[in-house]
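First comes the structure, then the notes that go with it.
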Amino acid sequence: MESITVTFKLNGKTTAVAIEPLESLRTVLREHLHLHATKAGCGQGGCGSCTVLVNGEPVLSCLMLAALADGQEITTLEGIGTPQHMHPLQAAFFDRFAAQCGYCSPGMIMAAKALLDKNPHPNRAEIAEALAGNLCRCTGYVTILDAIEDVVTQMQEA
Amino acid sequence: MGVKQLGIVGQSVKRRDGIGHVTGQTQYVDDVFYTGMLWLKMVRSPISRGIIHGIDTSKAEAFPGVVTVVTAKDVPNNWYTILCLIGVEPNDEPVLAHEEVMYFGEPICAIVAETEAIAAEAAGLVKLDIEELPPVLDMEFAISPDAPAIKKWGNNTFMYDGYNHRKLRFGDFEKAIQQADHVIEGDYSLSPIEHAPIETHCCVVKPEPDGRLTVHSNTQALYFTMDNTAIILQVPSQRLHMIGGTVGGGFGGKVDVITEPITCIAAMKTGRPVKWRWTREEEMRKSSTRAGVKMHYTDGVMKDGRIIARKVRSLEDSGAYHRHSPYGVQKHMANLPGPYTIPNVWVDAYCVYTNRQPSSAMRGFGVTEATFAVECQMERIARTIGMDSWEIRLINAYRNGQMRPVRKVVEDATLIETIQAAAELIGYELPAHLKAMSSDDYAGNGGHHG
Amino acid sequence: MAKHYGRGIAAVNYPTGMNLGGDPTQALIFCQPTGGFSVKLASTDLGQGLKTVIAQIAAEALGVPFDSVIVDTGDTDSAPHCMGTFASRATHRVGNAVIMAANEARKALLDVAAEEMEAAPEDLVLENGEIYVKGAPERKTNVFNVALAAHFKYGKTISGRGIYLKQKSSLDPETGACDPDSTEAHATTVAEVEVDDETGEIKVLRLASAYEVGRQINPEMVKGQIVSGAVMGMSHALMETVFPYYPALDHHTYSFGEYIIPTALDIPEIESVVLEYPSSNGPYGVKGVGEMTANSPIPAIVNAIYDAVGVWVTDLPVTPEKVLRALEEKSLETH
Ligand code: FES
Ligand code: FES
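Protein chains in written order, with this note's numbering: chain A, 227 to 384; chain B, 6 to 455; chain C, 1475 to 1809.
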């Protein structure tokens, strides 16, 4: 198949990349652009580890054709914080021991960010609801929910 | 209980790898990419049991982008078993099947190609000629005389020192069961389950200019994997450089040495870096599971709640091959009587082979299953004789200095203390005589003394 | 047609480590010129936090600040043998090997310090990187100075080797007599459930547990294992199977679409207390905790279901279908 070029805004920067027409956004992010924070737990839409934001909406990047990202705004975990300047959610996940093996963490944090961007004051049940598509086999979720609640509280206080 | 205060030990310092995890900077094996890296896909058995008459790889080999196909004849030492390192015999599993297939999904040959998509497409072009045989799936059938022997040694169980099961014999069960006021039986079984780490198996191998191989692996046991891989490759271990130590969840599922040998062979054969990562479907259906287990308990219990005799028969479904199961059954055997002082114990534990994906280690392996049965059985006893659930456990709980059926003296016992603490946690008031019990005191333990 | 509440308990032990064939792990420690200590291990962190707890143990045993300890794991070219991370063995085995290596390195360090300070090594105290003479705290130096002196003035190495080996135990094929483990941790879990007798659905309301773990190196991470295990145990009891019609192969699962594990919506109330009765052979008394936490919830939940509706469903997973069948059987028996 002929490769095609897609152009999107990735973490704030306009990015053009040559792709195979049927490649997923996840493959393009991880294997063409080498942004490895987005994880690949299943490729079936079942785990949430590949969650990124497309125009602010949480999207399973393994199920989205990269071709459809043309002209869209994509945010990955790399785009929201760095070790030196962590996003409040990243800092809270760290403080609360919410990442054990860490494999689900990028997707969890992106799903949480999508929620808080829309609803800055969710209660615990709403947070759990927003994370229902993101599996974690290690933590039992409690520390993850605690971490997100911490950020909600911080935002209320600020 | 006062524990000596220490300095940094005992403090909840933050995880060393935590910032890497939450910022996506931690490098897992699937995050390793090399220039010129090839991709591997496995051709697997479409049936549960059969005889291989032919494997035709010609079309796959001719497919544009395919670099090589790895078959059994490329594997220097094709028959292996990982616990050979601790003396488990015989080698019962082929790295790549060539004579027969023993489970649905068993690896037959590997396609190595320029992209993962090409490898996957070419895998579909391999023609398999396999004569299908009826699979042996039920453990009771597998150990019955009517079952065909699926293992080369002529039956369907692991042989422990000449026996088809592990034995535990302590005291005199037959005599004691006659003296019991109640005989209480129970059946317990568990279906195979999956470790389901969010990170699937993955291995990347890079051939180095000096002839060594750099092996990026998410194994839970680097040296164990290195030594087993070296045996399969028939190279000295020092030719392998294992890099790992960061795993996206293991739970016992990543100690099978299942990706490294084939990926190494592919890299040696092509002289190029190779990546093999498993799909979720492979992780679910082809990686080993926790074993299915069936246990039957027969307990002799006195009116006062003392358990004086316990007999257990347990079948553990190892699937098609050993993997870690022969050891797991042994650990299972040692734990089937439970953490209770029972003077007469009889255990027969079988490691049974069937035509399903192999089972192997998983979190709690051998013990989880025993614990499940023991604790349901304790409840059943309590309900049957009309005793309180807490009391039945407290009077039978093993005490320090008593003898376990494996003939190891109990030390570090705190079962009683955790029972008391749990009661307190939920606000349940234990009667004074139960509250007064301790693991260092035989009082209340039905008078059996160590 | 009602929801029934039930409570069940389970008390369990869990063996630390294995013995088959012998169970060793090694560690090497060396001191850098400016007093950093590198701990070389070929061990694996599965997410339980080994890299962190080992740094804590090494800092404690060496007597140096936590931040001056580097833990290098996961490379067979740079570190000696480790059996691997399984059987609740890692913190116990690796921790013991690290303490042994730390003791040797600490002794080498104090020997150089003694020479530098003109004192007897046994009179020196090393705490948090500071070294002083017992009873004379004004006579002091620190690891930085001593490490520099060792490298550039005395030509001495400051390093340590450690190994922990659980000896192979023979097993008597007639009686099963053996020494299967190093120590035993214990736990009791109380499960509270609600069972719907119309749908067979089971809701775990609460898991309250007491764990005895010898010694906690890092309490938050122990708690992490407890919550993790509670949820995995609940899931094992109620949700998971690769072969829904085991032993038949039908409906063999292949994705998280049919292989159901809990999500953030399925979490019961989880409470725990941790007791510490140090073991005789663990590092600072540690016992293995990672696997045990997933065990006690399973029978506690099954017992709670019995308490709620009076049927034994002892074939895992306990699905609504199995509960309904058992209830039906029971009602046939009583009629
Ligand atoms: S990788 Fe996309 S949902 Fe699992
Ligand atoms: S931390 Fe391992 S999967 Fe969530």
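Beta carbons are placed, not taken as given, at the ideal position from N, Cα and C, and that holds for glycine.
As the structure is a computational prediction, the values presented were derived from the model and not from experiment.
Relative to ligand 1, even the nearest heavy atom lies 6 Å or more away from the CB of A358 of chain A. In this structure, P332 of chain A lies away from L361 of chain A, with their beta-carbon atoms at least 7 Å apart.
Within chain C, the residues placing a beta-carbon under 9 Å from that of K336 of chain B are P1489, M1492, L1494, A1561, P1654, D1655, ordered along the chain.
DSSP assignment within the stretch 1669-1719 of chain C yields the following whole alpha helix (DSSP H) runs of 4 residues or more, N-terminal first: 1693-1712. Taken in chain order, the complete alpha helix (DSSP H) segments of 4 residues or longer contained in the stretch 291-364 of chain B are 330-340.
At least one heavy atom of ligand 2 lies closer than 6 Å to the C-beta of G1521 of chain C. For I60 of chain B, the uninterrupted beta strand (DSSP E) segment begins and ends at 55-61. Residue environment analysis places N281 of chain A among the exposed positions, since fewer than 16 neighbouring C-beta atoms fall within 10 angstroms of its C-beta. Spanning the alpha carbons of V260 of chain B and Y433 of chain B requires a straight line of approximately 42 Å. A340 of chain A is classed as buried because its beta carbon has at least 16 other beta carbons within 10 Å across all chains shown. Taking the beta carbon of P1773 of chain C as reference, the chain B residues within 7 Å of it are T376, F377, E380, C381, listed in sequence order. Taking C-beta atoms as the reference points, V279 of chain B and A271 of chain B count as a pair closer than 7 Å.
When the Cα atoms are used, I1544 of chain C and I1531 of chain C turn out to be separated by approximately 12 Å. Put simply, the CB of L342 of chain A is far from chain C, with every gap to its CB atoms at 7 Å or more.
Relative to ligand 1, A266 of chain A has its C-beta within less than 6 Å of a heavy atom. Residue burial annotation: P436 of chain B is exposed, with fewer than 16 other C-beta atoms found within 10 angstroms of its C-beta. In this structure, the C-beta of T28 of chain B stays at least 6 Å away from each heavy atom of ligand 2.
Distance check between P241 of chain B and each of B:I24, B:Y228, B:A67 places B:Y228 closest, using alpha-carbon atoms only. Nearest to I1637 of chain C by C-alpha distance, out of C:E1802, C:A1576, C:A1623, C:E1807, is C:A1576.
In this structure, A:C327 is the residue among A:H347, A:C327, A:A351, A:A356 with its C-alpha nearest to the C-alpha of G255 of chain B. What W395 of chain B touches in chain C, judged by beta-carbon distance under 8 Å, is I1483, going in chain order. Counting only unbroken stretches of 3 or more residues, the beta strand (DSSP E) elements lying wholly within the stretch 140-228 of chain B are 171-175, 187-195, 207-212, 218-222, in sequence order. Between F68 of chain B and A127 of chain B, the beta carbon gap of about 4 Å places them in contact (Cβ cut-off 8 Å). Taking 4 residues as the minimum length, the alpha helix (DSSP H) runs contained wholly in the stretch 1724-1807 of chain C are 1771-1783, in order along the chain. For the pair V352 of chain B and V317 of chain B, the CB atoms are nearer than the 7 Å cut-off. In the DSSP secondary-structure assignment, L1515 of chain C is not bridged to any residue.
Counted as a single uninterrupted DSSP element, the alpha helix (DSSP H) harbouring W395 of chain B occupies residues 394-401.
Residue-level contact check: I1735 of chain C touches chain B, since one or more beta carbons of chain B fall below 7 Å from its beta carbon. Nearest CB-CB separation between D151 of chain B and chain C: not below the 7 Å threshold. For K1525 of chain C, the enclosing alpha helix (DSSP H) covers residues 1524-1536.
In the DSSP secondary-structure assignment, K132 of chain B is bridged to B:D61. Close to T284 of chain B, with beta-carbon spacing below 7 Å, are these residues of chain A in chain order: G269.
No residue range can be given for G29 of chain B, since it is assigned to no alpha helix (DSSP H) and is classified by DSSP as neither H nor E.
With contacts defined as CB atoms closer than 7 Å, A1484 of chain C and T423 of chain B fail to qualify as a contacting pair. Following the DSSP letters along the chain, one finds P112 of chain B inside the beta strand (DSSP E) bounded by residues 112-118. Between V1701 of chain C and chain A, the shortest Cβ-Cβ separation is below 7 Å.
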